[in-house]
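Undergrad: Pasting a structure below so you can have a look.
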Amino acid sequence: MIYLDSLASFPLLPEVYDAMCESLKEDYANPSASHLLGTSAQEKIENVRAQIADRLEAFPSEIIFTSGATESNNLILKAHVERALAQGNIPHLITSAIEHKCILAICKHLESKGCEVTYLAPNNKGVVSPESVRKAIRENTILVSLMHVNNELGTINPIREYGKICFENEVAFHTDAAQSFLKTALDVEDDFIDALSLSAHKIGGPKGIGVAYFRDLRNKDLQPVIHGAGQELGIRGGTLATPLIVGFGAAVENFEPRYEKAPFDLLKTNLLDLLKSHGIEYYVNGEGQTLDSCLSITLPNIDVDGLLRSTKDIYSLSQSSACSAGSIEPSHVLSALGFDRARAAKTLRISFSFYTQAEEISKLVKDISYFREG
């Protein structure tokens, strides 16, 4: 199987597998227990918490472990809005039309609770302009939530500019950084970030573990989304999954050096050159500042649906994000860029891993050429 869907989930790193196997054998005690095995597990958890905080230029006390970025997004948005509603206010939240589907679903839910939401439109390159953020801020705006790297286009949004605008207007700024962590520059201080979401499986870690970062968490009066026995400062109840957290730490330690050395730019250039040499017309979506490890590409003269159906046992490929892949509707991201249903159906999302070979790209282009129309 040729895996070209790393934005959906990056292949598990071998160091992560080894670390988790060892933890599964050794760290069976409850980390909240006061005996030696419990405190040993808790120490490993705190080491990873500090490790992640260090990469974000945050404090360990600002890091909350969750089940993934979807839970983190729920925790962050709901905590901010529900606090404002409890104070008798009508809060206003700003996001964009091309956010991860979970953000859009959360916003729709919050609207039903009385929150006002503004959905900003991107430009034709898939980027939300900072000026549109500035213009959308109102007197009752409490939070701006805009992703760092788009999960379909790979476009890198100017979060530092968003964050500075929010800081100047005394509005909290949240970014979903699941696709950007350890792949491009990210610093909660320099980027004026007040809250942030991460997911381990986007960097070769295990599924089921993520992070919610809250600036100065101990001084916030936030309502928990999951009530429990006081774990994670009472914000997120439940026994912590030590092996998953240990795996997250192993991913943080080993992912970035490999990502920096991987020849993603050469793979992308090779793919586009081969399409051109085969006479295959294409359009790259979201051109500009993007991750080298992925691209969204429209092939107007190719039966993309036929390609995906006929080669599903050969390639791991998708037309959009994994969260939208089962939908009969076109990608909401592509729709926001002005794509009609027909054009969206001609679009592929290709994302590379550390194991992607040039020969696999050559085979893909050759197979694409078999599905010409007309």
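Numbering (the UniProt record's numbering), first residue to last: 1 to 374. Glycine included, each C-beta is placed from N, C-alpha and C at the ideal position. As the structure is a prediction and not an experimental result, all values here were calculated from the model.
Tell whether a beta-carbon distance below 8 Å holds between I302 and V284.
TA: It is not a contact, given that the beta carbons lie outside the stated cut-off.
Undergrad: Express the C-alpha separation of A212 and N73 in angstroms, rounding to a whole number.
TA: The alpha-carbon atoms of N73 and A212 are separated by roughly 8 Å.
Undergrad: Comparing the C-beta of K312 with each C-beta of chain D, is any distance below 8 Å?
TA: The structure shown contains no chain D, having only a single protein chain.
Undergrad: Residue ranges of each alpha helix (DSSP H) run of no fewer than 4 residues wholly in the segment 192-277, ordered along the chain?
TA: 242-261 and 264-277
Undergrad: Which class does F173 belong to by DSSP, given the choice of helix, strand or coil?
TA: strand
Undergrad: Report the start-end ranges of each beta strand (DSSP E) in the segment 54-113 that is 3 residues or longer and not cut off at the edges.
TA: 63-66 and 92-96
Undergrad: Give every residue of the same chain whose Cβ lies closer than 7 Å to the Cβ of D305, excluding the five residues on either side of it in the sequence, and list them in chain order.
TA: A345
Undergrad: I need the DSSP call for E360, collapsed to helix, strand or coil.
TA: helix
Undergrad: So, is M20 buried or exposed, given that buried needs 16 or more other C-beta atoms within 10 angstroms?
TA: Taking all protein chains shown into account, M20 has 16 or more neighbouring C-beta atoms within 10 Å of its C-beta and is therefore buried.
Undergrad: Cβ atoms of K125 and T155: under 8 Å apart, would you say?
TA: yes
Undergrad: Can you give me the C-alpha to C-alpha distance between N254 and T39, rounded to a whole angstrom?
TA: 26 Å
Undergrad: Could you check whether the segment 263-280 touches the segment 52-62, counting it as contact only if at least three pairs of C-beta atoms, one from each stretch, sit closer than 8 Å?
TA: no
Undergrad: Counting only the same chain and skipping the five closest in sequence on each side, list residues whose C-beta sits under 6 Å from that of S335.
TA: none
Undergrad: Determine which residues share a DSSP beta bridge with V284 and list them.
TA: As computed with DSSP, V284 is found in a beta bridge with I297.
Undergrad: Going by DSSP, what residue range makes up the alpha helix (DSSP H) through V16?
TA: Where V16 is concerned, the enclosing alpha helix (DSSP H) starts and stops at P14 to E26.
Undergrad: Comparing alpha-carbon positions, which option in L348, P60, Q289 and R341 lies nearest A185?
TA: Of the listed residues, the one whose Cα sits closest to A185 is Q289.
Undergrad: Judging by CA-CA distance, which residue of L13, E360, A172 and E46 is the nearest neighbour of R215?
TA: A172
Undergrad: Going by the DSSP bridge assignment, what does R349 pair with across the sheet?
TA: S296 and S318
Undergrad: Could you tell me the distance, in whole angstroms, from the CA atom of G286 to the CA atom of L348?
TA: 13 Å
Undergrad: Assuming L222 and D5 make a contact with CB atoms under 8 Å, what is their CB distance in whole Å?
TA: Contact flag wrong, Cβ pair sits at about 35 Å.
Undergrad: State the start and end residues of the unbroken beta strand (DSSP E) segment that holds V116.
TA: Just to set this straight, residue 116 is Glu in the shown sequence, not Val. Where E116 is concerned, the enclosing beta strand (DSSP E) stretches over E116 to L120.
Undergrad: Going by the CB atoms, is the gap between L182 and Y259 shorter than 8 Å?
TA: yes
Undergrad: List the endpoints of the continuous beta strand (DSSP E) containing I142.
TA: T141 to S145
Undergrad: I'd like to know whether the C-beta atoms of residue 377 and I98 end up nearer to each other than 8 Å.
TA: Here the chain covers residues 1 to 374 and nothing more, so residue 377 does not appear.
Undergrad: Ignore the nearest five residues each way along the sequence and tell me which others in T9's own chain have a CB closer than 6 Å to its CB.
TA: First, the amino acid is wrong: residue 9 is Ser here, not Thr. Counting only Cβ-Cβ distances below 6 Å, and skipping sequence neighbours, we find H201.
Undergrad: Find the nearest neighbour of R343 within the set P300, H109, D313 and I314, judged by alpha-carbon distance.
TA: Scanning P300, H109, D313 and I314 for the CA closest to the CA of R343 turns up P300.
Undergrad: Quick check on D5: does DSSP put it in helix, strand or coil?
TA: strand
Undergrad: Going by DSSP in three states, T39 sits in which element: helix, strand or coil?
TA: helix
Undergrad: Taking the alpha carbon of E46 as the reference point, which residue from S61, L37, S362 and V252 has its own alpha carbon closest?
TA: The shortest C-alpha separation from E46 is found at S61.
Undergrad: Beta-carbon separation of L77 and L24 under 8 Å?
TA: no
Undergrad: Which residues mark the beginning and the end of the alpha helix (DSSP H) in which R309 is found?
TA: Where R309 is concerned, the enclosing alpha helix (DSSP H) stretches over V304 to S310.
Undergrad: Classify R236: buried if its beta carbon has 16 or more other beta carbons within 10 angstroms, exposed otherwise.
TA: Buried is the call here.
Undergrad: Our contact map puts V48 next to G205 with C-beta atoms below 8 Å; I'd like the distance itself, whole angstroms only.
TA: Not really, about 10 Å apart at Cβ, beyond 8 Å.
Undergrad: Helix, strand or coil for R372, going by three-state DSSP, please let me know.
TA: Strand, per DSSP.
Undergrad: Whose C-beta lies closer than 6 Å to the C-beta of L196 among residues of the same chain, with five residues either side of it excluded?
TA: T175, A177 and Y213
Undergrad: Can you tell me which of the three DSSP states V333 falls into?
TA: helix
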